[in-house]
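Undergrad: Which chain is which? The protein sequence lines are A and B, in order. Residues 1 to 314 (this note's numbering) are what the first sequence spells out, left to right. Residues 315 to 547 (this note's numbering) are what the second sequence spells out, left to right. Ideal Cβ placement from N, Cα and C applies to all residues, glycine included. My questions will all concern the structure given below.
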Amino acid sequence: MIEATHLTKRYGAVNALFDANFTIDKGEIVGFLGPNGAGKSTTMNLLCGYLTPSWGQVRIAGVDMAENPLEAKRHIGYLPEIPPLYVDMTVAEQLEFACELRGLRMKRPQLRAYIDKLCARTQVLDTRDRLIRNLSKGYRQRVAVTQLLVGEPEILILDEPTVGLDPRQIREFRDLLSDLSKEHTIILSTHMLSEISSICGRILVFYEGMLIADGHPQQLQEQLSKCRVLEVEIRGDAEGIVALLRNIPDVLTVKEQGSGIYQVSHRVSTDIRSALYRTLRTTEYELLMMKPEDVSLESLYLRITENEQETTKL
Amino acid sequence: MSAVYHKEMRQYFHSVIGYVFHAIFLFINAFYFLLQNLLPRSGDITDYFQATITLEMFLMPMLTMRSFSEEKKQKTDLLLYTMPVDCGHVVLAKFQAAESMLLLGLAATLAFPIILALCGSVQIWITLGNYIGIILLMSTFIAIGIFVSALTENQIVSAIISYVLIFVLWYSYGLGSAIQNPVLLALFNKLSLMQMYYELALGILNPAGIALNLAITAIFLLLTTAVVRGRRG
Numbered sequence: 001m002i003e004a005t006h007l008t009k010r011y012g013a014v015n016a017l018f019d020a021n022f023t024i025d026k027g028e029i030v031g032f033l034g035p036n037g038a039g040k041s042t043t044m045n046l047l048c049g050y051l052t053p054s055w056g057q058v059r060i061a062g063v064d065m066a067e068n069p070l071e072a073k074r075h076i077g078y079l080p081e082i083p084p085l086y087v088d089m090t091v092a093e094q095l096e097f098a099c100e101l102r103g104l105r106m107k108r109p110q111l112r113a114y115i116d117k118l119c120a121r122t123q124v125l126d127t128r129d130r131l132i133r134n135l136s137k138g139y140r141q142r143v144a145v146t147q148l149l150v151g152e153p154e155i156l157i158l159d160e161p162t163v164g165l166d167p168r169q170i171r172e173f174r175d176l177l178s179d180l181s182k183e184h185t186i187i188l189s190t191h192m193l194s195e196i197s198s199i200c201g202r203i204l205v206f207y208e209g210m211l212i213a214d215g216h217p218q219q220l221q222e223q224l225s226k227c228r229v230l231e232v233e234i235r236g237d238a239e240g241i242v243a244l245l246r247n248i249p250d251v252l253t254v255k256e257q258g259s260g261i262y263q264v265s266h267r268v269s270t271d272i273r274s275a276l277y278r279t280l281r282t283t284e285y286e287l288l289m290m291k292p293e294d295v296s297l298e299s300l301y302l303r304i305t306e307n308e309q310e311t312t313k314l
Numbered sequence: 315m316s317a318v319y320h321k322e323m324r325q326y327f328h329s330v331i332g333y334v335f336h337a338i339f340l341f342i343n344a345f346y347f348l349l350q351n352l353l354p355r356s357g358d359i360t361d362y363f364q365a366t367i368t369l370e371m372f373l374m375p376m377l378t379m380r381s382f383s384e385e386k387k388q389k390t391d392l393l394l395y396t397m398p399v400d401c402g403h404v405v406l407a408k409f410q411a412a413e414s415m416l417l418l419g420l421a422a423t424l425a426f427p428i429i430l431a432l433c434g435s436v437q438i439w440i441t442l443g444n445y446i447g448i449i450l451l452m453s454t455f456i457a458i459g460i461f462v463s464a465l466t467e468n469q470i471v472s473a474i475i476s477y478v479l480i481f482v483l484w485y486s487y488g489l490g491s492a493i494q495n496p497v498l499l500a501l502f503n504k505l506s507l508m509q510m511y512y513e514l515a516l517g518i519l520n521p522a523g524i525a526l527n528l529a530i531t532a533i534f535l536l537l538t539t540a541v542v543r544g545r546r547g
């Protein structure tokens with residue numbers, strides 16, 4: 001559905017994005033993750049044709065954005081960080097304008113019915129005839145999403161869609177996205193890591209203009225670290241336990257955390273839980289708890305950016 | 315293209331700009347018609363046109379100052395450029411909308427030559443020449459205004475730069491006489507839109523003058539399209 005090849009955007013001597021390569025298939029929900037200035041928004045702007053790449057190519061549904069931008073843009077709905085709404089228009093006028101821009105030719109009653117249907121889906125029907133300037137941030141965001149759906153583009157690109165919303169609005173927005181994800185390919189960028197982990201099946205991590213990781217959170221963990229960590233609680237003398245654990249095949253390191261808790265790192269490709277249980281069963285040590293380290297997105301995100309910072313320093 | 319045109323027209327009349335423009339435009343025209351024709355009981359419509367032209371041209375940036383600058387400032391340009399719409403069409407639609415505002419204003423002033431015709435006689439060719447001249451001239455100033463608004467996010471800056479460019483193009487004939495260099499003098503005299511207008515105002519149809527006027531309008535519209543495309547590059 002989306003193919004980005006050697007995508008590069010330079011501003012003078014600065015690379016806002018450098019040599020990004022990725023493909024997004026139909027129906028995927030992809031999260032763009034990275035700190036401010038990492039290149040997420042630049043990538044989105046390149047994908048939707050707002051910016052032209054300095055180098056590389058974007059293909060949307062097989063159409064080259066540079067060769068046939070109008071056809072490529074028909075497949076995309078883009079919601080930037082600041083919703084592009086005319087504050088002196090009513091919601092209905094704004095949506096009518098979007099319909100006209102998309103080239104939807106309908107008679108007045110059909111157009112009205114179509115807009116009402118879209119408004120009902122995003123729950124903004126009650127604001128239909130209100131001026132956008134008088135709407136709250138949450139409602140404006142909903143109107144912008146409604147506008148996004150005009151013409152039913154297959155690909156929806158949303159840049160930081162929940163910034164400035166209160167927790168309730170964020171939850172409602174997340175529900176709306178889940179609903180949309182059934183019919184659309186979605187690209188989402190956000191700082192809300194919980195948002196990405198709850199919605200996205202795949203994550204692209206950007207850092208200083210580079211696409212540094214691509215995959216499922218679990219895959220990313222495996223890509224970025226050479227080991228997995230198992231946390232265990234064992235009763236008994238620490239020295240003996242550490243020595244015993246080190247002898248288990250595929251164990252790389254053992255760290256004592258105190259209070260009988262140990263962190264056992266092992267090779268990614270193996271599961272040492274059975275071996276660990278069997279080893280301890282024949283000894284006087286008591287195994288109280290065994291828990292694989294939770295690959296939270298926060299820890300992943302921090303690990304990725306820390307790794308990159310270290311590499312940069314070196 | 316019609317989507318952007320309708321949106322622009324709606325915005326003129328949703329804000330005070332459309333009403334203020336027409337109010338001032340009509341007031342200036344009515345005032346000078348009263349001063350030049352009704353009070354002195356003169357049937358010579360040339361004086362009325364010549365008195366209003368310089369004031370009218372300074373109203374044009376009022377129509378164009380927010381054209382692209384406001385879109386950029388409010389970030390609504392993102393909607394225009396990520397929808398399947400050509401940049402050139404957006405520029406043309408904005409130009410046509412400003413042009414429509416001008417034509418609406420001028421349509422109201424048709425009442426004045428009609429009044430003269432009812433009270434006595436009116437010089438039809440001179441009246442026609444003046445209207446064609448005004449439309450051509452103001453179209454150029456609208457194109458300049460739209461071009462400048464594509465360069466900045468600030469409406470006021472957009473209006474001020476437009477005034478400067480309009481002033482230079484209008485008075486270039488006069489400025490030329492102060493220049494000693496014969497090449498520059500010839501260039502300034504050739505570029506003078508004042509010359510073109512006064513020829514038409516006298517009922518003289520000079521194709522070269524009209525072509526120059528149309529060419530300047532087209533150049534500024536093309537430049538605007540290039541700026542709009544270039545800013546995204």
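#1: By Cβ distance below 8 angstroms, which residues in the same chain neighbour A/Y277 in space, the five residues on each side in sequence not counted?
#2: Quick one: complete beta strand (DSSP E) runs, 3+ long, within the region 53-141 of chain A?
#3: Would you tell me roughly how many angstroms separate the C-alpha atoms of A/V113 and A/D166, rounded to the nearest one?
#4: Going by beta-carbon coordinates alone, are A/S198 and A/R174 separated by less than 9 angstroms?
#5: Within 10 Å of its beta-carbon, does A/A72 have 16 or more other beta-carbons around it, so buried, or fewer, so exposed?
#6: Using only alpha-carbon positions, find the residue among A/M1, A/T52 and A/L33 that is nearest to A/R10.
#7: Output, in chain order, the set of chain B residues within a Cβ distance shorter than 9 angstroms of A/F97.
#8: Using the Cα positions of A/L314 and B/I475, report the straight-line distance between them to the nearest angstrom.
#9: Would A/T312 be called buried (16 or more neighbouring beta carbons within 10 Å of its own) or exposed?
#10: Look up A/N15 in the DSSP assignment and give the residues it is bridged to.
#11: Could you tell me whether any Cβ in chain A is nearer than 9 angstroms to the Cβ of B/H336?
#12: Indicate the three-state DSSP secondary structure (helix, strand or coil) for A/T312 in the structure shown.
#13: For the beta strand (DSSP E) containing A/A213, list its first residue and its last residue.
#14: Please report the straight-line C-alpha distance between A/T127 and A/I186, rounded to a whole angstrom.
#15: Consider the Cβ of B/M397: report whether some Cβ of chain A lies at a distance smaller than 9 angstroms.
#16: Could you round the C-beta distance between B/S329 and A/D129 to whole angstroms and report it? I think they count as a contact, below 8 angstroms.
#17: Under 9 angstroms, Cβ to Cβ, is there at least one residue of chain B near A/E71?
#18: Could you check which residue in B/A515, B/S486, B/L501 and B/P521 has the C-alpha nearest to that of B/L507?
#19: Answer with buried or exposed for A/Q94, where buried requires no fewer than 16 other C-beta atoms within 10 angstroms of its C-beta.
#20: What would DSSP say about B/F382, mapped onto helix, strand or coil?
#21: Using a Cβ-Cβ cutoff of 8 angstroms, what residues of the region 413-444 of chain B are near chain A? List them in chain order.
#22: Report the neighbours of A/L101 on chain B: residues whose CB is nearer than 7 angstroms to its CB, in chain order.
#23: Could you compute how far the alpha carbon of B/H403 sits from the alpha carbon of A/L220?
#24: Could you check how far apart the C-beta atoms of A/L7 and A/T43 are, in whole angstroms? I think they sit under 8 angstroms.
#25: CA-CA distance, A/V143 and B/L535?
#26: Taking only beta-carbon positions, decide if A/T312 is within less than 9 angstroms of chain B.
#27: Is A/E286 helix, strand or coil when you go by DSSP?
#28: Please state whether the Cβ-Cβ distance between B/M379 and B/S472 is less than 9 angstroms.
#29: How would you label B/I438, buried or exposed, when you count the other beta carbons within 10 angstroms and need 16 or more for buried?
#30: Alpha carbon to alpha carbon, how far is B/G447 from B/L548? Give it in angstroms, no decimals.
#31: Are A/L177 and A/L158 touching if we call contact CB-CB under 9 angstroms?
#32: State whether the region 449-469 of chain B contacts the region 526-535 of chain B, with contact taken as three or more CB pairs (one from each stretch) at a distance under 8 angstroms.
#33: Flag this pair as yes or no: are the beta carbons of A/G215 and A/A16 separated by less than 9 angstroms?
#34: What is the rounded straight-line gap between the Cα of B/D391 and the Cα of A/C119?
#35: Which residues, in chain order, does the region 364-392 of chain B contribute to contact with chain A at a C-beta distance below 8 angstroms?
TA: Considering the structure as presented:
#1: L287 and M290
#2: 55-60 and 76-79
#3: A small fix is needed here, since residue 113 of chain A is Ala in this sequence, not Val. Between A/A113 and A/D166, the C-alpha separation is close to 31 angstroms.
#4: yes
#5: buried
#6: A/T52
#7: A317, V318, H320, K321, R324 and L393
#8: A caution first: A/L314 carries a pLDDT of 44, below 50, which makes its placement in the model unreliable, though a value can still be read off. Near 50 angstroms, if we compare the C-alpha coordinates of B/I475 and A/L314.
#9: With a pLDDT of only 49 at A/T312, under the threshold of 50, the placement of this residue in the model should not be trusted; the figure read from the coordinates follows. Answer is exposed; the Cβ neighbour count stays below 16.
#10: A/R10
#11: no
#12: Confidence is the limiting factor: at A/T312 the pLDDT is only 49, short of 50, which leaves the residue's position unreliable and the question unanswerable from this model.
#13: M210 to G215
#14: 26 angstroms
#15: yes
#16: Rounded, the Cβ-Cβ distance is 19 angstroms, inconsistent with contact.
#17: yes
#18: B/S486
#19: buried
#20: coil
#21: none
#22: A317, M397 and V399
#23: 45 angstroms
#24: 7 angstroms
#25: 33 angstroms
#26: Bear in mind that a pLDDT of 49 at A/T312, under 50, signals an unreliable position, so the model cannot answer this.
#27: strand
#28: yes
#29: exposed
#30: Given a span of 315 to 547 for chain B in the structure shown, any question on residue 548 of chain B remains unanswerable.
#31: yes
#32: yes
#33: no
#34: 23 angstroms
#35: Q388, K389, T390, D391 and L392
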